[in-house]
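Enquirer: One structure coming up, written as structure tokens, with questions to follow.
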Amino acid sequence: MQPTTQPASEYVEFWNDTLAEKFDRFQDILMNGLSYHSRVPLERLDIVPDSRILDVGCGWGDTAIALARRTGSRGEVLGLDCVERFLEDARRRAAEAGIDNVCFITADVERYPFEPEYDLCFSRFGMMFFEHPVVAMRNIHKALKPGGELMFIVWRDIEDNPWLGLPKQVVLDFLPPPGEDARTCGPGPFSMANPEVVTQQLEIAGFEDIAFERNDGPVEVGDSVENAMRFQLALAPFEQDGRIVMGSSSWTITARKPAA
Numbered sequence: 085m086q087p088t089t090q091p092a093s094e095y096v097e098f099w100n101d102t103l104a105e106k107f108d109r110f111q112d113i114l115m116n117g118l119s120y121h122s123r124v125p126l127e128r129l130d131i132v133p134d135s136r137i138l139d140v141g142c143g144w145g146d147t148a149i150a151l152a153r154r155t156g157s158r159g160e161v162l163g164l165d166c167v168e169r170f171l172e173d174a175r176r177r178a179a180e181a182g183i184d185n186v187c188f189i190t191a192d193v194e195r196y197p198f199e200p201e202y203d204l205c206f207s208r209f210g211m212m213f214f215e216h217p218v219v220a221m222r223n224i225h226k227a228l229k230p231g232g233e234l235m236f237i238v239w240r241d242i243e244d245n246p247w248l249g250l251p252k253q254v255v256l257d258f259l260p261p262p263g264e265d266a267r268t269c270g271p272g273p274f275s276m277a278n279p280e281v282v283t284q285q286l287e288i289a290g291f292e293d294i295a296f297e298r299n300d301g302p303v304e305v306g307d308s309v310e311n312a313m314r315f316q317l318a319l320a321p322f323e324q325d326g327r328i329v330m331g332s333s334s335w336t337i338t339a340r341k342p343a344a
């Protein structure tokens, strides 16, 4: 499958111009530190050999590569992300691992011209940032075969995620909140924490058999207090055996495209 040329939205431009460098700086935390929240659901996911799988917001490619290993040599995984510099790293990782049944395309999932050819769509912490969530869900629905499955992981409430909530509160103690017109990366990490809202969005997009499973676990946010402080603030009380570990909680959400 080849990429198509599309004008970049302001949202996509912001990811590439501003956020990508910040995410790359903390890649170890964001990819390895949060891996628990994808590892557990993926271990439980029954992937049929030779499946065609879509990984939305695949970032540096670790989940797409894991899915490619699971689907077998005759299966195929397509990883999509709107940030090309992330995908350059993903392609390198796949080549180093000898994985040749995965490819990566720079694309805006809200606009990509999918055909209904995928058995599964997976996303780890990518769905929360869509500028228009229902539009993205409808397009993912279009990408799935009849009966195809969607699984995506999102953060639960900020109160259940001190690794994100504490730094925000510390910053707001010293700085005013951003204005309403401030540029952002989309709705934000907690935009899909409410099951009722997400259920309605998925139903509007055409999905059924919607389910939520809570997944609590530790997040490692640094191998030392000094390194973690670059990622967030006031973390010394969370040091355990020389590493910074904090609580976290996510939803694993599953849904299905109705069978024909």
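So the sequence shown is numbered by our numbering: it starts at 85 and just counts up by one.
For glycine and all other residues, C-beta sits at the position ideal for the given N, C-alpha and C.
1) Using the rule of at least 16 other Cβ atoms within 10 Å of the residue's Cβ for burial, across every protein chain shown, is Ala220 buried or exposed?
2) Which residue's Cα is closest to the Cα of Lys226: Tyr196, Phe206, Asp241, Ile242?
3) Along the chain, where does the beta strand (DSSP E) that runs through Asp146 open and close?
4) Could you check if Gly272 is buried or exposed, using at least 16 other CB atoms within 10 Å of its CB as the buried criterion?
5) Tell whether a beta-carbon distance below 8 Å holds between Asn299 and Ser334.
6) Is the beta carbon of Ile183 closer than 8 Å to that of Phe209?
7) Span of the alpha helix (DSSP H) holding Gly176?
8) Ordered along the chain, which non-local residues of its own chain (more than five positions away) have a Cβ less than 7 Å from that of Gln355?
9) State buried or exposed for Glu243, treating a residue as buried only when at least 16 other CB atoms are found within 10 Å of its CB.
10) Smallest Cα separation from Thr338: which of Glu168, Glu287, Pro302?
11) Under the assumption that Glu201 contacts Lys229 (Cβ atoms under 8 Å), give the Cβ distance between them as a whole number of angstroms.
12) Go to Tyr202, then tell me how far its beta strand (DSSP E) extends in each direction, as first and last residue.
13) So, helix, strand or coil for Arg298, using DSSP?
14) Determine whether the beta carbon atoms of Asp134 and Arg158 lie at a separation below 8 Å.
Expert: This is what the structure gives:
1) buried
2) Tyr196
3) From DSSP, Asp146 is part of no beta strand (DSSP E) but of the alpha helix (DSSP H) over 146-155.
4) The residue in question, Gly272, is exposed, as its Cβ has fewer than 16 Cβ neighbours within 10 Å.
5) yes
6) no
7) Position check: residue 176 holds Arg in this sequence, whereas Gly was assumed. 168-181 is the span of the alpha helix (DSSP H), which, as asked, contains Arg176.
8) A question about residue 355 goes unanswered here, because the residues of the chain that appear run from 85 up to 344.
9) exposed
10) Closest in alpha carbon position to Thr338, among Glu168, Glu287, Pro302, is Glu287.
11) 7 Å
12) 202-208
13) strand
14) The criterion of a C-beta distance shorter than 8 Å is satisfied by Asp134 and Arg158.
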